[in-house]
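For the sequence shown, the numbering used here assigns the number 515 to the initial residue and increments by one for each residue that follows. Here's the structure, in structure tokens; my notes come after.
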Amino acid sequence: MKILLVTEYFYPQSSGGTELYVYNLATILQEYEHEVNVLSVFDGDKKSDTYRGINIAYIPFNQDFRTEVINGDKPADNTESFTNAICKIKPDVIHFHTLTTSIGADHIIAAKQAGFKTVLTSHIASHTCIRGTLMQMGKFVCDGKVEEQKCLSCYLQLRKVPEPFCNPTAMLMRFINFPNNTAQVVKHKQNELQKLRNAIDQLVVVSNWQRDVFIKNGFPNQQISLCRQAVTIQKTPSEIKQKSDKLIIGFIGRATAVKGLHVLLSSLKYVPTDQLELKIAVIPTLTELDYYRQQKQHVESLPYATWTENLPNENINSFLQELDILCVPSQVSETGPFVVYESLAQGVPVLGSDLGGIAELISEGKNGWLFPRQDEKYLGSLIASFITQKLEGKLLNHIEPINRSVNKLAEEMVEIYGKL
515 MKILLVTEYF
525 YPQSSGGTEL
535 YVYNLATILQ
545 EYEHEVNVLS
555 VFDGDKKSDT
565 YRGINIAYIP
575 FNQDFRTEVI
585 NGDKPADNTE
595 SFTNAICKIK
605 PDVIHFHTLT
615 TSIGADHIIA
625 AKQAGFKTVL
635 TSHIASHTCI
645 RGTLMQMGKF
655 VCDGKVEEQK
665 CLSCYLQLRK
675 VPEPFCNPTA
685 MLMRFINFPN
695 NTAQVVKHKQ
705 NELQKLRNAI
715 DQLVVVSNWQ
725 RDVFIKNGFP
735 NQQISLCRQA
745 VTIQKTPSEI
755 KQKSDKLIIG
765 FIGRATAVKG
775 LHVLLSSLKY
785 VPTDQLELKI
795 AVIPTLTELD
805 YYRQQKQHVE
815 SLPYATWTEN
825 LPNENINSFL
835 QELDILCVPS
845 QVSETGPFVV
855 YESLAQGVPV
865 LGSDLGGIAE
875 LISEGKNGWL
885 FPRQDEKYLG
895 SLIASFITQK
905 LEGKLLNHIE
915 PINRSVNKLA
925 EEMVEIYGKL
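Structure below.
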């Protein structure tokens with residue numbers, strides 16, 4: 515089978531969860547003797563490249579930044595380049611992994627109109643949520659149905675409109691249709707979802723909550739397949755790492771508020787820290803530099819804590835193996851996150867917030883624990899109890915590693931492709 519994986523983000527131009535997912539999928543599909551190409555975007559004259567044996571075709575980024583293009587009312591100016599590229603490659607199936615202006619719904623429509631089979635994997639909440647978090651007013655989990663009044667009110671709150679004024683302001687803006695771009699933001703999302711329903715042969719989700727949300731927004735159940743994320747399982751032998759007598763808790767993630775590092779740090783005031791080691795590995799983010807600096811300053815003030823930046827992918831397993839527990843205090847509904855799979859694959863239990871994909875993956879007391887996402891006192895009490903359990907030799911430390919290999923992911927994808 516000839517398979518084309520389409521993503522705006524891919525090595526060696528960028529590095530992240532989507533890039534790793536696509537790379538792992540491409541690698542295993544090649545091992546199964548399928549012909550695999552990746553199509554991505556490049557800001558330059560380069561038309562093609564190769565990354566670790568994977569052929570990459572490039573199209574230019576969209577350069578038309580008019581409002582109607584950004585909103586999806588008109589196709590991006592690289593759509594013709596995209597159509598030419600896929601017609602040259604002639605794949606049996608085109609599998610999309612990102613929805614952006616440079617590779618979005620209109621590109622999927624173009625692929626469908628050119629006669630190709632289309633699949634989209636939804637990796638993030640923003641595919642259905644204009645806030646991007648599925649947290650209504652930033653406070654509680656939304657039901658996910660895209661509705662004009664509800665979603666515009668929530669969007670205005672994100673844009674710093676005082677909460678008591680969000681609902682009446684949204685009503686007024688919808689009535690007078692001004693400012694047009696903001697007043698129509700929910701309709702643009704509804705239109706995008708309608709385009710996707712019509713152009714995608716199969717939608718792949720990586721968590722159950724996503725399936726529920728897409729169904730609420732008009733996608734038929736038979737159009738949706740659940741195919742969870744997977745990891746390359748390379749467990750480091752535990753005897754190589756001699757853990758401390760103290761409780762070692764770690765955090766891996768972007769230095770952004772939605773990842774919740776501040777909640778973990780705030781919880782420590784309820785913890786006897788003389789028996790604690792804290793290991794923090796972050797990826798700085800330009801959009802939240804103030805948050806990054808605040809958390810870094812806090813961690814560096816703690817004598818029992820270490821701060822690492824931009825931990826290489828090849829070092830993540832060894833970092834995890836040094837831990838007793840990985841804390842994943844996400845403040846939004848995530849589809850994974852991927853680090854939960856990585857931790858469980860190493861046999862390291864996860865202490866995570868009770869949201870989204872985390873709540874689906876963690877079985878309380880079996881492979882980890884859950885806590886209310888903003889309840890720093892409860893989180894602190896859990897960590898304090900784990901310190902006691904470790905001192906008494908009772909801490910959960912022999913969990914069954916997750917049995918979700920990249921090979922299994924590839925097999926499920928091939929099955930999906932074959933049914934198109």
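Built from N, CA and C at the ideal position, the CB exists for glycine as well.
Burial state of residue i (16 or more Cβ within 10 Å)
i: Q724; result: buried
i: I897; result: buried
i: E753; result: Confidence is the limiting factor: at E753 the pLDDT is only 43, short of 50, which leaves the residue's position unreliable and the question unanswerable from this model.
i: P734; result: exposed
i: P817; result: exposed
i: L829; result: The sequence given here has Asn at residue 829, not Leu. Exposed, since its Cβ has fewer than 16 Cβ neighbours within 10 Å.
i: Y892; result: exposed
i: C601; result: exposed
i: P851; result: buried
i: Q671; result: buried
i: Q736; result: exposed
i: T822; result: exposed
i: T801; result: exposed
i: S877; result: exposed
i: S554; result: buried
i: E791; result: buried
i: N827; result: exposed
i: E890; result: buried
i: G894; result: buried
i: S758; result: exposed
i: H912; result: exposed
Opposing strand residues paired with residue i [DSSP bridges]
i: G882; result: V864 and E878
i: S499; result: Shown here, the chain extends from 515 to 934; a query on residue 499 therefore has no answer.
i: Q716; result: V633
i: E823; result: V796
i: I762; result: E791
i: Y565; result: I568
i: R768; result: I797
i: S739; result: V718
i: S729; result: In the sequence on display, residue 729 carries Ile and not Ser. Per DSSP, none; premise fails for I729.
i: V607; result: I517 and K631
i: F692; result: According to DSSP, F692 bridges with nothing at all.
i: S895; result: Beta-bridge pairing links S895 to no other residue.
i: S919; result: V745
i: E549; result: K516
Rounded C-alpha distance that separates residue i from residue j
i: P526; j: Y537; result: 11 Å
i: L909; j: F833; result: 19 Å
i: I738; j: M515; result: 22 Å
i: T787; j: E677; result: 38 Å
i: L534; j: N551; result: 15 Å
i: I797; j: T615; result: 25 Å
i: P682; j: R887; result: 29 Å
i: G907; j: G882; result: 17 Å
i: F575; j: N694; result: 26 Å
i: A924; j: R918; result: 11 Å
i: R566; j: K922; result: 21 Å
i: R688; j: K659; result: 18 Å
i: L905; j: Q789; result: 9 Å
i: I608; j: Y855; result: 26 Å
i: G530; j: L666; result: 30 Å
i: P605; j: E814; result: 51 Å
i: R768; j: I916; result: 23 Å
i: I930; j: H548; result: 14 Å
i: T632; j: G866; result: 35 Å
i: L934; j: Q716; result: 8 Å
i: I794; j: T820; result: 6 Å
i: I644; j: Y669; result: 7 Å
i: D726; j: V720; result: 12 Å
i: A771; j: P843; result: 10 Å
i: D563; j: L519; result: 14 Å
i: G870; j: K880; result: 18 Å
i: Q647; j: V655; result: It should be pointed out that residue 647 corresponds to Thr in this sequence rather than to Gln. C-alpha separation (whole angstroms): 9 Å.
i: F596; j: I573; result: 6 Å
i: F728; j: R742; result: 16 Å
i: P863; j: E848; result: 18 Å
i: V636; j: V718; result: Note on residue identity: the sequence assigns Ser, not Val, to residue 636. Between S636 and V718, the C-alpha separation is close to 6 Å.
i: Q845; j: L782; result: 18 Å
i: T541; j: I568; result: 8 Å
Any 3 or more C-beta pairs closer than 8 Å across the region 582 to 601 and the region 700 to 717: Yes, the region 582 to 601 touches the region 700 to 717.
Three CB pairs or more closer than 8 Å across the region 755 to 773 and the region 830 to 844: Counting Cβ pairs under 8 Å, three or more are found: they touch.
Cβ contact (3+ pairs, closer than 8 Å) linking the region 607 to 627 and the region 706 to 722: These segments touch.
Runs of alpha helix (DSSP H) wholly within the region 833 to 864 (minimum 4 residues, chain order): Here the runs fully enclosed are 852 to 859.
The region 801 to 812 / the region 775 to 784 touching (three or more Cβ pairs under 8 Å): Contact between the region 801 to 812 and the region 775 to 784 is present, because at least three Cβ pairs lie under 8 Å.
Any alpha helix (DSSP H) of 4 or more consecutive residues that is wholly inside the region 649 to 714: Within the region 649 to 714, the complete alpha helix (DSSP H) runs of at least 4 residues are 662 to 672, 677 to 690, 694 to 697 and 699 to 713.
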